[in-house]
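Engineer:
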Amino acid sequence: MVKITAGIEGMACGMCEAHINEAVRNAFPVRKVSSSHTKKQTVIVTEQDIAEGELERVIANAGYEVVSVSREPYQKKGLFLRT
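Using the numbering used here, you'd call the opening residue of the sequence shown number 1 and step up by one each time.
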């Protein structure tokens, strides 16, 4: 799985977060998506990588701007997992 963190400009409230989350869920097969207007970012966990251009297009169509994208392998964290 991949964790994608996108820096987003234009979010101002919780409704903005929900708008981006819904747009991403409708466009891509994601496991989890969460946005934060205070951190100005959206974090996506997915099994399939998402092309940066496609992500930018979907978020732009929702009315926001992607200013950065970073990727890293995602490993689920939990109480019973050993490191």
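Quick reminder that beta carbons are idealized off the backbone N, C-alpha and C, glycines included.
1) In whole angstroms, what is the alpha-carbon distance linking residue 46 and residue 4?
2) Buried or exposed, going by whether 16 or more other CB atoms sit within 10 Å of the CB of residue 65?
3) What runs of the beta strand (DSSP E), each 3 residues or longer, lie entirely inside the segment 35-67?
4) Do residue 11 and residue 37 come within 7 Å of each other at the CB atom, strictly closer than that value?
5) Over the uninterrupted alpha helix (DSSP H) stretch that includes residue 7, give me the two end residues.
6) Which whole-angstrom value describes the C-beta separation of residue 71 and residue 2, a residue pair presumed to lie in contact below a C-beta threshold of 8 Å?
7) How is the alpha helix (DSSP H) around residue 12 delimited, first residue to last?
Structural biologist: So, from the data block:
1) 8 Å
2) The residue in question, residue 65, is exposed, as its Cβ has fewer than 16 Cβ neighbours within 10 Å.
3) 41-46
4) yes
5) Per DSSP, residue 7 belongs to no alpha helix (DSSP H); it is in the beta strand (DSSP E), 2-9.
6) 6 Å
7) From DSSP, residue 12 is part of no alpha helix (DSSP H); its letter is neither H nor E.
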